[in-house]
Amino acid sequence: MEALTSSSSSSSSGGPAASHVRRRASAFGPSSSAVRCRGTTRSSLRCCYSPRRPGHPLKCSAAASSPSSAPASAVVKGAGGLDLDFGFGFCSGSGSGSAKPGRDAEADKFAEAAKKGNLVPLYECIVSDHLTPVLAYRCLVKEDDKESPSFLFESVHQDSHGINNVGRYSMVGAHPAMEIVAEENKVTIMDHEEGRQTEQVVDDPMQVPRRIMENWSPQLIDELPDAFCGGWVGYFSYDTVRYVEKKKLPFSSAPEDDRNLPDVHLGLYNDVIVFDHVEKKVYVIHWVQLNRYSSVEEAYQDGRYRLDMMLSRVHNSNVPSLSAGSVKLHTRQFGSPLEKSTMTSDEYKKAVLQAKEHILAGDIFQIVLSQRFERRTYADPFEVYRALRIVNPSPHLTYLQARGCILVASSPEILTRVKKGKIVNRPLAGTVRRGKTEKEDELLKKQLLNDEKQCAEHVMLVDLGRNDVGKVSKPGSVKVETLMNIERYSHVMHISSTVTGELFDNLTCWDALRAALPVGTVSGAPKVKAMELIDELEVTRRGPYSGGFGGVSFAGDTLIALALRTIVFPTAMSSLKKEGIMCNRREWVAHLQAGAGIVADSKPDDEQRECENKAAALARAIDLAESAFINNI
268 MEALTSSSSS SSSGGPAASH VRRRASAFGP SSSAVRCRGT TRSSLRCCYS PRRPGHPLKC
328 SAAASSPSSA PASAVVKGAG GLDLDFGFGF CSGSGSGSAK PGRDAEADKF AEAAKKGNLV
388 PLYECIVSDH LTPVLAYRCL VKEDDKESPS FLFESVHQDS HGINNVGRYS MVGAHPAMEI
448 VAEENKVTIM DHEEGRQTEQ VVDDPMQVPR RIMENWSPQL IDELPDAFCG GWVGYFSYDT
508 VRYVEKKKLP FSSAPEDDRN LPDVHLGLYN DVIVFDHVEK KVYVIHWVQL NRYSSVEEAY
568 QDGRYRLDMM LSRVHNSNVP SLSAGSVKLH TRQFGSPLEK STMTSDEYKK AVLQAKEHIL
628 AGDIFQIVLS QRFERRTYAD PFEVYRALRI VNPSPHLTYL QARGCILVAS SPEILTRVKK
688 GKIVNRPLAG TVRRGKTEKE DELLKKQLLN DEKQCAEHVM LVDLGRNDVG KVSKPGSVKV
748 ETLMNIERYS HVMHISSTVT GELFDNLTCW DALRAALPVG TVSGAPKVKA MELIDELEVT
808 RRGPYSGGFG GVSFAGDTLI ALALRTIVFP TAMSSLKKEG IMCNRREWVA HLQAGAGIVA
868 DSKPDDEQRE CENKAAALAR AIDLAESAFI NNI
């Protein structure tokens, strides 16, 4: 083992003060001014560092970490003098002098919860009309810090009329307490709380976070929102299937790994900010792991301190700077063609012909062949994410900083969802472009649903989804709840279906995830045989593309989106410009991977064009980021 110094570096400035609000400590009462914090390596707490032993908290060394810099009272008054109460239902008083009774009640409630479990949330619910998820993320992570693991999840959903609506919840997290990094079978565990790092070689790295979770007994609070409020966040690469299919798909048979990205990266986020866009509330949440402390009192005091520090960051009036940008491009158009790819056009078409030979021989029915396009840009990945939200609003909008890469995603598809034992799989297959008018949209929709090739492909992939869900579901519980619906996105329409099942009582969300990775819509049918051929026909490892990203909550619920329409920025490939008009800007290499489903009557030229169009649609976000945030420099 060796001691670690966390690479996390976050901005000391926070969001605008939340006006007109009396903050209420959530699950367990109002704010306190705890005076101690533990030996964390986080620069945001500015504590002196050494590996911490339970029961030996460290004193804070900087003024910014002193009690006076954190909120000392449960009351925040806005300019208008209006106070609003949110939270657990006992009053903290009308002024800072009356906060202590509420603080005592909070501590008592915390102590009661600690008798029932070893993972207890503290939270406060605030109102801030001027705080957005993008701004909250920038409050937690500095603009020039691209190495610190962190995330921002947003969503846009369609109603029954095909109208886009902003999803109810957005989630922000930074500075994980622990990280798990898997490179093939080698697993590195970085415990930033205890200040240590361990390495081990295991048969299945996906079992490591599962084993850690077995020691948790979280106390769930009804007042917390029905959203991801804390737990594991990260990505699982396409190659994680090799942990399951060890004989047929060993790592030794995989294509060249030219980027050396982790196969799995997960961060354990005890600190999460959740936006409820319907009720206009922001939940600031900190989970306290009791087994790290020598007493419940110490756990409460330190948890209270950490929550106050988070609150001070989002309440700080020194708002981080965000470039306004301007939208001058037609966002529904495709981006410029991407000329650089891992395969030339002729090489890809040759691979399509080889795949068709296997289909005609009866080895497979369908296969998804992909290629990775490359584009260089001076647009920052976070600027590209801000642009992607405009260009392609989707159910799973994600900005994810992981070890070795940054993912900027607008995925339309769930890889797997497990909530209270219910499994959901939603295959999307069958695509047509959007029309320029509503009338043309309807015409193209009818053509898509009457396209025998695309409908047959979709039904086959629904059967694959039923099979994946059935592996981990109770007999008789697997259902196709919806079949052959149309979903509209910015550039294309898809055929979608929904498959559900009830998870076996002795299995967990990790079993459901292992059964689903990767879904048939990115591999083929039969799935394993198609993936064997993908190893032969594709020239580089897919990495995050066609794997999954998302979160596994402390309660064991999970939502993992399929990593499609995902731009990968390898951090090792960026370089700082030291002169000229782009001085002090980094040049980034953006990887945009896209695939096409190959069946017996596929035409190589059409499949090549499909890959190019999918990548160009995603590249439009880079076009917009450059025009909005760079061209006006």
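Here the sequence shown stands for residues 268 to 900, numbered as in this note's numbering.
All C-beta atoms in this analysis are idealised placements derived from N, C-alpha and C, irrespective of residue type, glycine included.
Item, Value
"C-beta contact flag for residue 535 and residue 499 at 8 Å", "yes"
"CA-to-CA distance, residue 474 to residue 740, given in whole angstroms", "19 Å"
"Bounding residues of the alpha helix (DSSP H) (the contiguous stretch that carries residue 477)", "474-480"
"Residue environment, residue 627, which counts as buried when at least 16 other CB atoms sit within 10 Å", "exposed"
"Sequence-distant residues of its chain with Cβ nearer than 8 Å to residue 647 (five each side left out)", "410, 852, 853, 855, 892, 896"
"Buried/exposed call for residue 489, threshold 16 Cβ in 10 Å", "exposed"
"Proximity below 8 Å, CB of residue 702 to CB of residue 711", "yes"
"Residue environment, residue 888, which counts as buried when at least 16 other CB atoms sit within 10 Å", "buried"
"CA nearest to the CA of residue 806, picked from 439, 640, 700", "640"
"Contact belief for residue 680 with residue 788 at Cβ below 8 Å, rounded distance in angstroms", "7 Å"
"Option in 496, 743, 504, 518 with minimal Cα separation from residue 537", "496"
"Cβ-based neighbour list, residue 512, same chain, cut-off 7 Å, excluding 5 preceding and 5 following", "795"
"The alpha helix (DSSP H) enclosing residue 650, as first and last residue numbers", "648-658"
"Where residue 889 falls: helix, strand or coil (DSSP)", "helix"
"Span of the beta strand (DSSP E) around residue 752", "746-755"
"Nearest-angstrom Cβ-Cβ length linking residue 757 and residue 880, presumed shorter than 8 Å", "Not confirmed; about 13 Å, so no contact."
"Expected contact under 8 Å - CB spacing of residue 636 and residue 810 to nearest Å", "That pair is no contact at about 16 Å."
"C-alpha distance - residue 303 paired with residue 568, whole-angstrom precision", "For residue 303, the predicted structure reports a pLDDT of 34, less than 50, and the residue's modelled location is therefore unreliable. A value from the coordinates is still provided. Using only the alpha carbons, I get a separation of about 7 Å."
"Residue 454 vs residue 467 beta-carbon contact at 8 Å", "yes"
"Nearest candidate by alpha-carbon position, reference residue 867, set 585, 577, 630", "630"
"Pair within 8 Å by beta-carbon distance, residue 533 and residue 501", "yes"
"Cα-Cα separation between residue 413 and residue 398, rounded to whole angstroms", "22 Å"
"Exposure label - residue 406; buried when at least 16 CB within 10 Å", "buried"
"Local conformation of residue 849 per DSSP, three classes", "coil"
"Contact under 8 Å by Cβ, residue 699 with residue 759", "yes"
"Residue 223 - DSSP class collapsed to helix/strand/coil", "The shown model of the chain, from 268 to 900, leaves out residue 223, and the question about it has no answer."
"C-beta atoms of residue 390 and residue 491 nearer than 8 Å", "yes"
"Three-way DSSP call (helix, strand, coil) for residue 543 in this model", "strand"
"Counterpart residues of residue 496 in DSSP-defined beta bridges", "The partner list for residue 496 (beta bridge, DSSP) is empty, contrary to what the question assumes."
"Inter-residue Cα distance where the pair is residue 364 and residue 378", "Residue placement at residue 364 is flagged as unreliable, the pLDDT there being 39, under the threshold of 50; a coordinate-derived value is accordingly withheld."
"Exposure of residue 665, with buried meaning 16 or more beta-carbon neighbours within 10 Å", "buried"
"Segment contact, 8 Å Cβ cut-off, at least three pairs: the segment 776-793 with the segment 815-829", "yes"
"Given residue 751 as reference, the closest of 441, 574, 713 once Cα atoms are compared", "713"
"Residues near residue 837 in its chain [Cβ-Cβ closer than 8 Å; skip 5 each side]", "526, 528, 671, 672, 856, 858"
"Exposure label - residue 850; buried when at least 16 CB within 10 Å", "exposed"
"Alpha-carbon to alpha-carbon, residue 847 and residue 424", "43 Å"
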